[in-house]
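Enquirer: Sharing a structure, written as structure tokens. Questions coming.
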Amino acid sequence: MKHIISSKDFNYQLSMEKAKDLEELSQETWKVLHDKGELFDIDEIEEHFPAYISTMFATPSVVVKFPTYKIDVYGVDDDEVNHLNRVEIVRNFLNELERVNEKVGCGVAINHMINLVTRKTWDELAVEIKCLDFGLDKNLELKDGIVDLLKSKGYRTGISIDTNYIYSRIEIFEDEKKFRIKEQPS
């Protein structure tokens, strides 16, 4: 089996500095896995590619990891707005953003924080937006547009590299030890 980069090494190297190189490795992985009819060992996929097998859905899939941009959104908290209103304001904004561009994944989390020294507790609102287009260049444009929109609404942002997961359905063979990409109807 051809070796490109292990899934673990992809995770370790995921950074702004290495994003372009990792994208090239992910694209090479995509091409190798989609080579017509080739069988791959299920047990070895993570050792040789930035990929893994998923059985979460009705049809098993191979999932290839690609680098992408993640935007952390700050400035959501406002002392004059109660906690539930803050959550609703952010969710409405994210829903609006997703309607504008389906290549955006948004998440809102409320983290319950505890200071172990003072025993003080508080809730912190964490908002993350992940760019889900196919390709780092497209995601760069998407990220820049989202950041501009957020800034125009008074939010502050932080940018980092994260993982985008691209799925392809697979067929499993030989007592569930091998797989190949399932051909899509034309």
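For reference, each letter of the sequence shown is one residue, going 28 to 213 in our numbering. Glycine included, C-beta positions come from ideal geometry on N, C-alpha and C. A quick note: this is a predicted structure, and the numbers were derived from the prediction, not measured.
1. Nearest to L52 by alpha carbon, out of S34, E65 and D99?
2. The alpha helix (DSSP H) spanning V144 covers which residue range?
3. Going along the chain, which residues of its own chain have a beta-carbon closer than 8 Å to the beta-carbon of G181, five neighbours each way excluded?
4. Are the beta-carbon atoms belonging to C158 and T82 less than 8 Å from one another?
5. For N191, which residues does DSSP report across the bridge?
6. Work out the CA separation of R146 and S195 for me, nearest whole Å.
7. What did DSSP end up calling D68 once you bin it into helix, strand or coil?
8. Among residues of its own chain, excluding the 5 on either side of Q40, which ones have a beta-carbon nearer than 7 Å to its beta-carbon?
9. Quick one: is V100 buried, meaning 16 or more other Cβ sit within 10 Å of its Cβ, or exposed?
10. At the level of alpha carbons, what is the spacing between V89 and F120?
11. Output the distance between the C-alpha atoms of V174 and T56, rounded to the nearest integer angstrom.
12. Which residues does DSSP pair with I208 in a beta bridge?
Expert: Judging by the given coordinates:
1. S34
2. Careful: V144 lies outside any alpha helix (DSSP H) and carries neither H nor E.
3. Excluding the 5 residues flanking it on each side, G181 has same chain C-beta neighbours closer than 8 Å at G102, in chain order.
4. no
5. F93
6. 47 Å
7. DSSP places D68 in strand when its eight states are reduced to three.
8. L49
9. buried
10. A direct Cα-Cα distance of roughly 33 Å separates V89 from F120.
11. 30 Å
12. Paired residue(s): I197.
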